[in-house]
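First the structure, in the form of structure tokens, and then the observations on it.
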Amino acid sequence: MTRIEKLERDIMALNKSELLALRDWFQAFLADEWDRRIEEDAMAGKLDRLARDALADHVAGRTKPL
1309 MTRIEKLERD
1319 IMALNKSELL
1329 ALRDWFQAFL
1339 ADEWDRRIEE
1349 DAMAGKLDRL
1359 ARDALADHVA
1369 GRTKPL
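Rendered as structure tokens:
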């Protein structure tokens, strides 16, 4: 049995409150991972072009107020 298969089996055995707690933890885990990756990409300059393009669009009047 693979680790994933074991996890699947163990998750299927959780009661409702345990499953909700796991869901909440996993959502927070994924959000933290997303934030970490965005921060790494920003520090590495991977978002610079997107920022420049967005600012150029704004200066050119191609944006709308939110």
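If you use the working numbering, the sequence shown corresponds to residues 1309 to 1374, in order. Heads up, the beta-carbon is just placed ideally off N, CA and C, and yes, glycines get one too. All of these numbers come straight from a predicted model, not from anything done at the bench.
- With contacts defined by Cβ atoms closer than 8 Å, residue 1330 and residue 1338 do not form a contacting pair.
- For the 8 Å CB-CB criterion, residue 1355 and residue 1349 form a contact.
- Going by DSSP, residue 1309 is part of no alpha helix (DSSP H) at all; its letter is neither H nor E.
- Taking the CA atoms as reference points, residue 1346 sits about 14 Å from residue 1357.
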